[in-house]
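Peer 1: This is the structure I want to talk about, given as structure tokens.
2 protein chains.
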Amino acid sequence: MTATSSGVIGVFDSGFGGLTVLKALLARLPEARFVFLGDTARLPYGSKSRRTIARYAAESAQFLVNEQGAEFLVIACNTASALALDAIKEAVDVPVLGVIEPGAAAAAANSLTKNVMVIATEATVASHAYAAACRARGLHGVEKACPLLVPLVEEGWIDHPVTEEVVRIYLKELLDEARQNGQNPDTLVLGCTHYPLLRPVFERVLVELTGPSGVRVIDSAEATAAEAARLVLETGGFGLLGDGEAPRIQCFATDSVEKFERLGSRFLGLPVGKVELVDLGG
Amino acid sequence: MTATSSGVIGVFDSGFGGLTVLKALLARLPEARFVFLGDTARLPYGSKSRRTIARYAAESAQFLVNEQGAEFLVIACNTASALALDAIKEAVDVPVLGVIEPGAAAAAANSLTKNVMVIATEATVASHAYAAACRARGLHGVEKACPLLVPLVEEGWIDHPVTEEVVRIYLKELLDEARQNGQNPDTLVLGCTHYPLLRPVFERVLVELTGPSGVRVIDSAEATAAEAARLVLETGGFGLLGDGEAPRIQCFATDSVEKFERLGSRFLGLPVGKVELVDLGG
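Note that the protein sequences, when read in sequence, are chains A and B.
Be aware that the first sequence starts at 1, since it is given in my numbering, and climbs by one per residue.
Be aware that the second sequence starts at 1001, since it is given in my numbering, and climbs by one per residue.
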């Protein structure tokens, strides 16, 4: 935030799912430059403990800020946002935005019944971060860990009968739980950056289970990008907006850069370019 | 191997799947003592690079030998055996047995057609370690990565229609590939320590696809335990056999000891006891 501003926004995820957030950011901030780090050597965070996730996320944030000059950080990982946002804010000296609060705010703006459902990883659900953020906005919610969905997306079974059946099982259990609690949910929050790739499957199964206007899908990635863009623009760009050049992206990964380059474009919707390997000592 | 022998066998896995190997070892060496390490903070290894897997596995082996006094190491992780056995042997000064060679030897002993199929993680298949070990024994084989099976086992969907359908899809693709190569496989090697929990599913689907005596399932965990017991017993026990006390197990994990304690018994077939948390600096 100084006169020598590097003008870079840092985006962090445990893997490359967070590229769905970067995709939404690119659309909203076409003049900004981005550095993205996927901590692929230590993924998945979703099945690990708070202590371990906090350490990994803080190290990753420090790499983006101290070594890559990021002046604004978007934590594009639900698990890290849910369990390590405070640890990240302590570790670096720039503004930090996670995905939980924007996701919950978007759910609150959408829900008429004030009953929402959240699906996420094991660790995100166990943290109850979404439940707390929803409660703070007057919403009642049910949450469910869906640990099979990330591997299904990474296997490339996006539009596949097995994936549809798994989604059907998970969503039916979640709806049953909500109804047993006397709730009438009208909103489903996608609390994991892999899930937007399955959005058409969720929408198809929700129509089957709740009718054509039963439940609307809210994507935390999209909500977070909107909030990040608002923060950047309302403060005059934080020095983060470029001079009209094409958007520039530099991606880093702690392991498997070939896999990142191969699968990343599926999430980003365009080629990720050359991914640089970085060693965070893990 | 000295007069002050600690009498402990070290068993290592990236997670707790290797407890299926420990289970087989307990049955074969009822008087031995075991230390087990699951590197749960850094799992899964199966999707990571050779460089990273070698570093993690060497650090884990050093913990078992240097800090826990293991005098014989069983690498109960197919991925580490496939990609890091040399790195582990360089890192420690005790005999080391991986799961690949015993698995391939058992396949060779079973196969009449000399055509085998191997299923494993992404990294194990990419290493072609099973293919090389099979070729050295005059076998021809096809291999397939089955990345959805570990998450399905960990979700507890052991006897579940979705799991059966996923197994059917994977095995059908593998059989088709073998037949296109003009092969007639009669043996399926389970090249991942999670897979023995799905053995009834594999057997049911194989009967459906190849008839009642079409393909026999070989479990690398079982083959490795048999080879480890042979090595220990043929050398007079290596000082590793106790004085007739009940078998003793001490389990360590680098993360999520509660999850280890909760799920571990599913793999071990008996309670894993209190799991100690250890920090390998990753």
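Virtual Cβ for every residue (Gly too), placed ideally from N, Cα, C.
These figures come from a predicted structure and were not determined experimentally.
In three-state DSSP terms, what is V142/A?
Peer 2: If DSSP states are grouped into helix, strand and coil, V142/A belongs with the strands.
Peer 1: With burial defined as no fewer than 16 other Cβ atoms inside 10 Å of the residue's Cβ, what is the status of V207/A: buried or exposed?
Peer 2: So V207/A ends up on the exposed side.
Peer 1: Short check: CB of L1037/B to CB of V1011/B, under 9 Å?
Peer 2: Contact: yes.
Peer 1: Thinking C-beta only, is A104/A closer than 9 Å to A61/A?
Peer 2: No, the pair does not count as a contact, with Cβ atoms beyond the cut-off.
Peer 1: Between L1110/B and R1216/B, is the Cβ-Cβ spacing less than 9 Å?
Peer 2: Correcting the residue identity first, residue 1110/B is Asn in this sequence and not Leu. Contact flag set, yes.
Peer 1: With which residues is G191/A paired in a DSSP beta bridge?
Peer 2: DSSP output for G191/A lists A120/A as bridge partner(s).
Peer 1: What first and last residue would you give for the alpha helix (DSSP H) that runs through L1174/B?
Peer 2: Where L1174/B is concerned, the enclosing alpha helix (DSSP H) stretches over P1161 to Q1180.
Peer 1: Quick one, which of C1146/B, V1232/B, F1202/B and V1167/B has its alpha-carbon nearest I1218/B's?
Peer 2: Answer by Cα proximity: F1202/B.
Peer 1: Are there 16 or more other CB atoms within 10 angstroms of the CB of S220/A, so buried, or fewer, so exposed?
Peer 2: Buried.
Peer 1: Which term fits L270/A, buried or exposed, when burial requires 16 or more other beta carbons within 10 angstroms of its beta carbon?
Peer 2: Its Cβ having fewer than 16 others within 10 Å, L270/A is exposed.
Peer 1: Counting contacts by CB-CB distance shorter than 9 Å, is S1265/B in contact with chain A?
Peer 2: No, because no Cβ of chain A sits closer than 9 Å to the Cβ of S1265/B.
Peer 1: Any contact of the stretch 59 to 78 of chain A with the stretch 221 to 233 of chain A, i.e. 3+ C-beta pairs under 8 Å?
Peer 2: With a cut-off of 8 Å, the stretch 221 to 233 of chain A and the stretch 59 to 78 of chain A count as touching, because enough Cβ pairs lie within range.
Peer 1: For E1155/B, which residues in chain A fall below 8 Å Cβ to Cβ?
Peer 2: Residues of chain A passing the Cβ test: P147 and L148.
Peer 1: What do you reckon, are the CB atoms on E1101/B and E1227/B nearer than 9 Å?
Peer 2: Going by C-beta atoms, E1101/B is nearer than 9 Å to E1227/B.
Peer 1: Examine the Cβ distances between the stretch 185 to 193 of chain A and the stretch 1183 to 1199 of chain B and report whether three or more of them are shorter than 8 Å.
Peer 2: With a cut-off of 8 Å, the stretch 1183 to 1199 of chain B and the stretch 185 to 193 of chain A do not count as touching, because too few Cβ pairs lie within range.
Peer 1: Where K1274/B and E1261/B are concerned, what is the direct C-alpha to C-alpha distance, given to the nearest angstrom?
Peer 2: Looking at the two C-alpha atoms, the distance is approximately 7 Å.
Peer 1: Step through the CB atoms of chain A and report whether any lies within less than 9 Å of the CB of V1166/B.
Peer 2: True, the Cβ-Cβ gap to chain A drops below 9 Å.
Peer 1: Pull out every residue of the stretch 22 to 45 of chain A whose Cβ sits closer than 9 Å to any Cβ of chain B, in chain order.
Peer 2: Residues T40, A41, R42, L43 and P44.
Peer 1: Considering G1103/B, what are the terminal residues of the alpha helix (DSSP H) in which it resides?
Peer 2: I1100 to N1110 is the extent of the alpha helix (DSSP H) around G1103/B.
Peer 1: Is it the case that the Cβ atoms of V1166/B and V1142/B are separated by a distance below 9 Å?
Peer 2: No, these two residues do not count as a Cβ contact at 9 Å.
Peer 1: What is the rounded straight-line gap between the Cα of K1048/B and the Cα of R1055/B?
Peer 2: Answer to the nearest angstrom: the Cα atoms are 11 Å apart.
Peer 1: Whose C-alpha, out of S14/A, L43/A and L22/A, is nearest the C-alpha of R33/A?
Peer 2: For the residues S14/A, L43/A and L22/A, the minimum Cα distance to R33/A belongs to L22/A.
Peer 1: I need the straight-line Cα distance from A129/A to G15/A, nearest angstrom please.
Peer 2: Taking the straight line from one Cα to the other gives about 20 Å.
Peer 1: Within the 9 Å Cβ cut-off, does I292/A reach chain B?
Peer 2: Look at the range of chain A in this structure, 1 to 282, and you will see that residue 292/A is not part of it.
Peer 1: Residues of chain B with a CB under 9 Å from the CB of D159/A: which are they?
Peer 2: Going along chain B, no residue has its Cβ under 9 Å from D159/A, so there is no contact; the nearest lies around 15 Å.
Peer 1: Tell me, please, whether the CB atom of L1197/B is closer than 9 Å to any CB atom in chain A?
Peer 2: Output row for L1197/B: interface = no.
Peer 1: In chain A, what lies closer than 7 Å to S1049/B by C-beta?
Peer 2: Neighbours of S1049/B on chain A, chain order: D255 and S256.
Peer 1: Do L1280/B and A1041/B come within 9 Å of each other at the CB atom, strictly closer than that value?
Peer 2: Yes, they are a contact pair.
Peer 1: In chain A, what lies closer than 7 Å to T1052/B by C-beta?
Peer 2: In chain order: A41 and D255.
Peer 1: If we cut at 9 Å on Cβ distances, does T4/A have a partner in chain B?
Peer 2: Reliability of the predicted coordinates at T4/A is poor, the pLDDT of 41 falling under 50, and no value is obtained from them.
Peer 1: Just reading off the alpha helix (DSSP H) that A1041/B is part of, what are its end residues?
Peer 2: Where A1041/B is concerned, there is no enclosing alpha helix (DSSP H), given that its DSSP letter is neither H nor E.
Peer 1: With a threshold of 16 other CB atoms inside 10 Å of the CB of E1154/B, please say whether the residue is buried or exposed.
Peer 2: E1154/B is buried by the Cβ-count criterion.
Peer 1: Suppose you measure from the CA of T4/A to the CA of Q180/A; what does that come to, to the nearest Å?
Peer 2: Bear in mind that a pLDDT of 41 at T4/A, under 50, signals an unreliable position, so the number given afterwards is only what the model happens to contain. Going from the Cα of T4/A to the Cα of Q180/A covers about 57 Å.
Peer 1: With a 10 Å radius around its C-beta and 16 neighbouring C-beta atoms as the bar for buried, classify N66/A as buried or exposed.
Peer 2: Label assigned to N66/A: exposed.
Peer 1: Excluding the five sequence neighbours on either side, which residues of its own chain have a C-beta within less than 6 Å of the C-beta of V1081/B, listed in chain order?
Peer 2: For the record, residue 1081/B in the displayed sequence is Ser; it is not Val. Result list for S1081/B: I1075, G1098, V1099 and I1100, in chain order.
Peer 1: Comparing the C-beta of P151/A with each C-beta of chain B, is any distance below 9 Å?
Peer 2: Closer than 9 Å to some Cβ of chain B, the Cβ of P151/A qualifies, so yes.
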